[in-house]
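These notes are about the structure you will find just below.
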Amino acid sequence: MGNFGNEHADQLAKEATLISDETISFVPSRNQIRNEGNKIIKDPWQNRWNDSKNARWTKNLIDKVNVDRLYGDFYINQILTANGVFREHQARFFEKTSLCLCGQETGSVLHVIKECEIWTSYRKNWPSGWQLMSLKDLINNANIRISLRRLLHELLIKELDLLSSFSETDVSRH
Numbered sequence: 113m114g115n116f117g118n119e120h121a122d123q124l125a126k127e128a129t130l131i132s133d134e135t136i137s138f139v140p141s142r143n144q145i146r147n148e149g150n151k152i153i154k155d156p157w158q159n160r161w162n163d164s165k166n167a168r169w170t171k172n173l174i175d176k177v178n179v180d181r182l183y184g185d186f187y188i189n190q191i192l193t194a195n196g197v198f199r200e201h202q203a204r205f206f207e208k209t210s211l212c213l214c215g216q217e218t219g220s221v222l223h224v225i226k227e228c229e230i231w232t233s234y235r236k237n238w239p240s241g242w243q244l245m246s247l248k249d250l251i252n253n254a255n256i257r258i259s260l261r262r263l264l265h266e267l268l269i270k271e272l273d274l275l276s277s278f279s280e281t282d283v284s285r286h
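In structure tokens, the structure reads:
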């Protein structure tokens with residue numbers, strides 16, 4: 113048989129194999145329940161996401177829905193949604209100029225991040241070939257993401273400074 117001293121356990125195990133009408137059932141584990149719940153939620157959510165005509169910009173960057181917890185990042189979320197400080201967004205919703213601070217192009221996410229000469233210093237330490245990288249790949253690169261946060265922070269400061277200088281001008285006129 114097995115190990116010395118386990119004769120009784122061995123005998124019970126042998127007897128258990130002879131019982132044919134005994135049904136053993138297991139309750140699903142917490143992980144199994146959670147995984148099944150996530151699947152029930154995720155599949156219809158993914159279908160709605162795929163079929164939606166909204167959020168096309170974000171859909172290009174995030175193509176699969178995910179139930180993992182995301183930690184919000186004020187600056188990166190503005191890139192992901194093409195909202196916030198970007199002048200193209202400001203023009204659509206607040207009737208402001210869409211022209212970038214550089215005066216050359218529309219202040220779109222892609223222009224500000226990849227082209228605008230004002231922000232060249234932020235791109236100087238990016239890996240070679242970054243120009244060919246997709247925006248999604250740029251955001252997913254940890255070093256570039258840090259640089260993007262700083263760039264957007266400075267852009268926000270510049271825009272707020274401009275806004276406060278306009279406000280002061282308006283106040284002094286009245």
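In the numbering used here, the protein residues as written are 113 to 286. Idealized CB from N, CA, C, for every residue including glycine.
Is the beta carbon of G184 closer than 8 Å to that of Q190?
No, Cβ-Cβ distance for Q190 and G184 is not below 8 Å.
Who are T218's beta bridge partners in DSSP?
Secondary-structure assignment with DSSP links T218 through a beta bridge to L211.
With distances taken between CB atoms, is the gap from L247 to L222 smaller than 8 Å?
Less than 8 Å separates the beta-carbon of L247 from that of L222.
DSSP three-state assignment for D185, whether helix, strand or coil:
Here DSSP, grouped into helix, strand and coil, assigns D185 to coil.
Which of the three DSSP states is assigned to F205 in this structure?
It is helical.
Cα-Cα, which of V224, I230, S259, K165 is closest to W238?
Selected option, being the one with the closest Cα: S259.
Where do the ends of the alpha helix (DSSP H) carrying S233 lie?
Taken as a continuous stretch (DSSP letters only), the alpha helix (DSSP H) holding S233 covers 232 to 235.
Could you check which residue in T129, K270, Q158 has the C-alpha nearest to that of R199?
It is K270 whose Cα lies nearest to the Cα of R199.
I'd like to check one pair, L268 with V224: are the Cβ atoms closer than 8 Å?
Taking 8 Å as the Cβ cut-off, V224 and L268 do not qualify as a contacting pair.
From what residue to what residue does the alpha helix (DSSP H) around H312 run?
An answer regarding residue 312 cannot be provided, because it is not within the stretch 113 to 286 covered by the chain.
Where the alpha helix (DSSP H) through P156 begins and ends
Element bounds for P156: 142 to 163.
Among T129, A125, V179, A121, which one has its Cα closest to the Cα of R146?
Cα-wise, what sits closest to R146 is V179.
Out of curiosity, what's the CA-to-CA distance linking D163 and K154?
Going from the Cα of D163 to the Cα of K154 covers about 14 Å.
For S220 and T232, what's the separation of their Cα atoms in angstroms?
So the alpha carbons of these two residues sit roughly 16 Å apart.
Could you check which residue in I251, E119, G117, D273 has the C-alpha nearest to that of Y187?
The candidate whose alpha carbon is nearest that of Y187 is I251.
Give the C-beta separation of K226 and Q243 to the nearest angstrom, bearing in mind that I take them to be a contact with Cβ-Cβ under 8 Å.
Their Cβ separation, rounded to whole angstroms, is 7 Å, which keeps K226 and Q243 in contact under 8 Å.
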